[in-house]
C-alpha cells in the first residue's frame, strides 16, 4: 500500500516543496511540472523550528493548509485546457531569457506572493525600453550594464513633462532592479546579483526622510474625533497599536489572530519582507478590531477598506478635524507604534522584532527620534532660567 502511495505521489504534476530560509524557517511552495513546463507558487506558509508544542501545532496547521491548496490546484489543473495548465508563467531556459521576459516573470512571482502594487516593475520596464536594452539577455546583465543603467537614470531618462528623475525616484528604481535580480539568483537563473559589484559611490543614495509620527496626545485626539469611515478609523488605530503596514492590514484574516488563555497573538508574514512576525495584541489593539460576527478563519478582518486614494482622502479629513497639522499617512501609524514603544521604555531589539525588521539599524532611526525628543525637553527646561 505504501509503495502505491509513493508511486502516485511521484506521478502528481504538483508537489509540495520546502526552501530553507536564513532565519531557520522553511518556506512552503508548490512545484508544478506539466507538459514539459515548470512553475512555482509561493504559499506564504512556513515551518518553524519545533522547539515546543505550540510550534508543532503551528507546523501541522501550515501543512494542512498547504495540502488543501495542493488539492485545489490539482482540481483546477484538470479543468483547464491543455495549453493553460500552469500555475504561473512558465520557465524559460536561462540561455534564452531576456531581461524584459524575466521582469514579466518576476512580476507574476510578486503577484503570487500577494504584492498588490506592481507598477514599479512596469516603470522599470519602460526605463529599459528607453535605454534600448529591453532585449538584452538576463545572463548578459553585468556590472557595466548596471553602471549604464544608473547613469541613464541620473542623466538620460526624462519624465513625461521633460524633467529629470528625483533622487528618491532614482533610488526606488534601483531598489526594484536589485530585488528583481536577487530573485533571479534565488531561481538559479544567474549566479550572483551584478548590482552587488557596484560600490556605494556608484549606487544611488537617498536622504533618510523625516519619520512623521503621532504623539500619545494626538492619538487620543483621533480616538475622540469621529471619522466618516469608521472602518478607516478602527484599522488605523489598530495599526497604531500593532505596527502593521497598510498592505498587511488589508490581508489580515481572523485566522491570523489567536487566543491562548488571556493572551492574544497576531501572526502574519509581512508583504514587504516576507518575514513572519508574532505580535502580542494588548487591550488597546483589540479595542479596534471589528466584531467578528461568525466570520470563518479565512475571512478578512478589515474587509471594507476603500482603495488607497479614497482611504487617504478620509484619513486627511479625519486628522485635520482632530486638529493635527502633520502630514499624516497610513504609514504614520507604524512610526507611531515604534516611537510609542520606545518612549514607554521598550528596548530596541524587541521593537525591531515586533516591526519585522531584518536589521536592527532599520529600527535605530526611531531611537534617534526619541533621543531628539529628550534633547528638546531638556532645552525647554534650560530656557526657564534664561
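Numbering (the working numbering), first residue to last: 1 to 386. By construction, the Cβ of each residue, glycine as well, lies at the ideal position given by its N, Cα and C atoms.
With a Cβ-Cβ cutoff of 8 Å, do residue 366 and residue 351 count as a contact? When the beta-carbon positions are compared, residue 366 and residue 351 come within less than 8 Å of each other.
Segment contact, 8 Å Cβ cut-off, at least three pairs: the stretch 258-266 with the stretch 352-362: Output reads no: the stretch 352-362 does not touch the stretch 258-266.
Is it a yes or a no for the stretch 275-288 touching the stretch 225-245, going by three-plus beta-carbon pairs under 8 Å? With contact defined as three or more Cβ pairs closer than 8 Å, the stretch 275-288 and the stretch 225-245 are in contact.
Assigned exposure category for residue 84 - 16 Cβ within 10 Å defines buried: Unreliable placement is indicated for residue 84, whose pLDDT of 45 sits below 50; the coordinate value is still reported in the next sentence. With fewer than 16 other Cβ atoms within 10 Å, it is exposed.
So residue 173 and residue 127 are in contact, right, with Cβ under 8 Å, and what is the actual spacing, rounded? Yes, they are in contact, since the Cβ atoms of residue 173 and residue 127 sit about 6 Å apart, within 8 Å.
Of all the options 62, 123, 347, which has the alpha carbon lying nearest to the alpha carbon of residue 25? Measuring from the Cα of residue 25, the nearest candidate turns out to be 62.
Under the three-state reduction of DSSP, which class applies to residue 82: helix, strand or coil? A caution first: residue 82 carries a pLDDT of 49, below 50, which makes its placement in the model unreliable, though a value can still be read off. DSSP, read as helix, strand or coil, puts residue 82 in helix.
Can you pull the DSSP bridge partners for residue 16? In DSSP, residue 16 forms a bridge with 30.
Three-state class that DSSP yields for residue 21 in the structure shown: Here residue 21 sits in coil by DSSP.
Can you tell me whether residue 270 is helix, strand or coil according to DSSP? Reduced to three states, the DSSP call for residue 270 is coil.
By Cβ distance, which residues of its chain are closer than 6 Å to residue 97, with the 5 residues on each side in sequence left out? Counting only residues of its own chain and dropping the five nearest sequence neighbours on each side, residue 97 has a CB closer than 6 Å to the CB of 138.
Taking the alpha helix (DSSP H) that residue 332 falls in, what are its first and last residues? From DSSP, the alpha helix (DSSP H) with residue 332 extends over 332-343.
Same chain only: Cβ atoms within 7 Å of residue 314, ignoring 5 sequence neighbours per side: Only 227, 228, 229, 232 meet the Cβ criterion.
With a threshold of 6 Å on Cβ separation, who are the neighbours of residue 87 within its own chain once the five nearest residues in sequence on each side are excluded? Reliability of the predicted coordinates at residue 87 is poor, the pLDDT of 41 falling under 50, and the value obtained from them is presented with this limitation in mind. Around residue 87: 32, 39, 41.
Can you give the Cα-Cα distance for residue 163 and residue 112, rounded to whole angstroms? Each residue's alpha carbon lies about 34 Å from the other.
Note down, in chain order, each residue of its chain lying with its Cβ closer than 7 Å to the Cβ of residue 5, except the 5 sequence neighbours on either side. With a pLDDT of only 39 at residue 5, under the threshold of 50, the placement of this residue in the model should not be trusted; the figure read from the coordinates follows. Taken in chain order, the list of residues that qualify is empty.
CA-CA distance, residue 43 and residue 29? Looking at the two C-alpha atoms, the distance is approximately 5 Å.
Please report the distance separating the alpha-carbon of residue 100 from that of residue 150. Straight across, the Cα-Cα distance linking residue 100 with residue 150 is about 17 Å.
Taking only runs of the beta strand (DSSP E) that begin and end inside the stretch 272-303, which ones reach a length of at least 3 residues, in chain order? As summarised for the stretch 272-303, the continuous beta strand (DSSP E) elements at least 3 residues long and confined to that stretch are 276-280, given in chain order.
Reduced DSSP secondary structure (H/G/I, E/B, other) of residue 245: Coil, per DSSP.
Where the beta strand (DSSP E) through residue 257 begins and ends: Bounds of the beta strand (DSSP E) holding residue 257 are 257-260.
Could you have a look at residue 38 and say whether DSSP puts it in helix, strand or coil? Residue 38: strand per DSSP, three-state reduction.
When the Cβ atoms of the stretch 269-284 are set against those of the stretch 337-346, are three or more pairs found closer than 8 Å? Result no; under three Cβ-Cβ pairs closer than 8 Å.
For residue 59 versus residue 70, is the C-beta spacing smaller than 8 Å? Cβ distance not < 8 Å, so residue 59 and residue 70 don't count as in contact.
Which listed residue (121, 211, 142, 76) has its alpha carbon closest to that of residue 190: Closest option to residue 190, judged by alpha-carbon separation, among 121, 211, 142, 76: 142.
Per DSSP, the bridge partner or partners of residue 47: 26, per the DSSP bridge assignment.
Take residue 182 and list the residues in its own chain whose beta-carbon comes closer than 7 Å to its own, dropping the five residues that flank it on each side. For residue 182, where only same-chain residues beyond five positions count, the Cβ hits under 7 Å are 193.
What residue from 359, 312, 306, 310 has the CA that sits closest to residue 273's CA? Checking every option, the nearest Cα to that of residue 273 belongs to 359.
Let me know if residue 106 comes out buried or exposed under the rule of 16 or more other beta-carbons within 10 Å of its beta-carbon. For residue 106, the number of other beta carbons within 10 angstroms of its own is at least 16, and it is reported as buried.
Quick check: residue 301 and residue 361, are their CB atoms within less than 8 Å of each other? Result no, Cβ atoms of residue 301 and residue 361 do not sit closer than 8 Å.
Express the C-alpha separation of residue 245 and residue 51 in angstroms, rounding to a whole number. Distance between the alpha carbons of residue 51 and residue 245: 29 Å.
Can you grab the Cα-Cα spacing for the pair residue 168 / residue 154, in whole Å? Going from the Cα of residue 168 to the Cα of residue 154 covers about 11 Å.
Terminal residues of the alpha helix (DSSP H) in which residue 150 lies: Start and end: 143-151.
Under 8 Å between C-beta atoms of residue 110 and residue 118: Contact check for residue 110 against residue 118 passes: the beta carbons are separated by less than 8 Å.
Same chain only: Cβ atoms within 6 Å of residue 136, ignoring 5 sequence neighbours per side: These residues qualify, in order along the chain: 99.
Just how far apart, CA to CA, sit residue 68 and residue 161? The straight-line gap from Cα to Cα measures roughly 51 Å.
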